[in-house]
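Chemist: Structure incoming, see below.
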Amino acid sequence: MVHKFPDQLALPGLVWARGQVTELVERWFGIQLSRVTIGKYLRSWGLSPQKPIRAAYERYPEAAARWVEQDYPAISARSRKEQAMILWLDQTRLRSDAAVTATWAPGDHPGGPPHRCAVRRQRHVRDQQQGRAVLHRVHR
Numbered sequence: 001m002v003h004k005f006p007d008q009l010a011l012p013g014l015v016w017a018r019g020q021v022t023e024l025v026e027r028w029f030g031i032q033l034s035r036v037t038i039g040k041y042l043r044s045w046g047l048s049p050q051k052p053i054r055a056a057y058e059r060y061p062e063a064a065a066r067w068v069e070q071d072y073p074a075i076s077a078r079s080r081k082e083q084a085m086i087l088w089l090d091q092t093r094l095r096s097d098a099a100v101t102a103t104w105a106p107g108d109h110p111g112g113p114p115h116r117c118a119v120r121r122q123r124h125v126r127d128q129q130q131g132r133a134v135l136h137r138v139h140r
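So, in structure tokens, the structure goes:
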């Protein structure tokens with residue numbers, strides 16, 4: 001497990017989670033172990049859960065509240081006066097090494113594929129209407 005990724009062993013995913021280990025043990029040894037038991041084995045082998053960071057690095061709640069209460073009403077009024085359309089742009093980045101669940105790796109080495117790829121999704125939306133999405137491959 002330390003030197004292979006799940007997809008190299010015909011398992012789903014790019015990083016190790018208890019589900020993949022459970023499936024691998026059943027496939028190789030023909031025994032079914034619970035996820036709790038798999039977790040105990042992983043810990044005993046010196047692996048630890050690698051959890052994604054969930055906190056935003058920058059938060060400005062006061063500035064956001066001021067924008068919603070003061071700036072946006074002025075922008076909205078101006079757009080009505082000028083018969084203009086307000087478009088909102090949302091950008092999401094999807095990465096091949098993003099962990100959506102706890103993954104397992106040696107304590108000093110976070111798991112993941114050696115090369116990552118990413119896709120950036122941009123979408124514009126008009127107020128109360130459907131928008132359009134565009135996907136861009138991110139080259140690194």
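So for the sequence shown, UniProt numbering puts the first residue at 1; every next one is plus one. From the three backbone atoms N, C-alpha and C, an ideal C-beta is built for every residue, glycine too.
1) DSSP on residue 34, reduced to helix/strand/coil?
2) State the Cα-Cα distance for the pair residue 6 and residue 13, rounded to the nearest angstrom.
3) What is the DSSP secondary structure of residue 143, counted as helix, strand or coil?
4) Taking 8 Å as the limit between beta carbons, can you name the residues of its chain near residue 20, skipping five residues before and five after?
5) Quick check on the burial criterion: 16 or more other C-beta atoms within 10 angstroms. Buried or exposed for residue 38?
6) When we look at the beta-carbon of residue 17 and count the other beta-carbons within 10 Å, is it buried (16 or more) or exposed?
7) Where residue 60 and residue 69 are concerned, what is the direct C-alpha to C-alpha distance, given to the nearest angstrom?
8) Taking DSSP as the reference, what is the three-state secondary structure of residue 147?
9) Quick check on residue 67 - is its C-beta less than 8 Å from some C-beta in chain D?
Modeler: The short version:
1) In the structure shown, residue 34 sits in coil (DSSP, three-state: anything other than H, G, I, E or B).
2) 6 Å
3) Nothing about residue 143 can be read from this structure; the chain reaches only from 1 to 140.
4) 6, 11, 12, 13
5) buried
6) buried
7) 14 Å
8) With the chain covering only 1 through 140, there is no way to say anything about residue 147.
9) Structure shown: chain D not included; a single protein chain is present.
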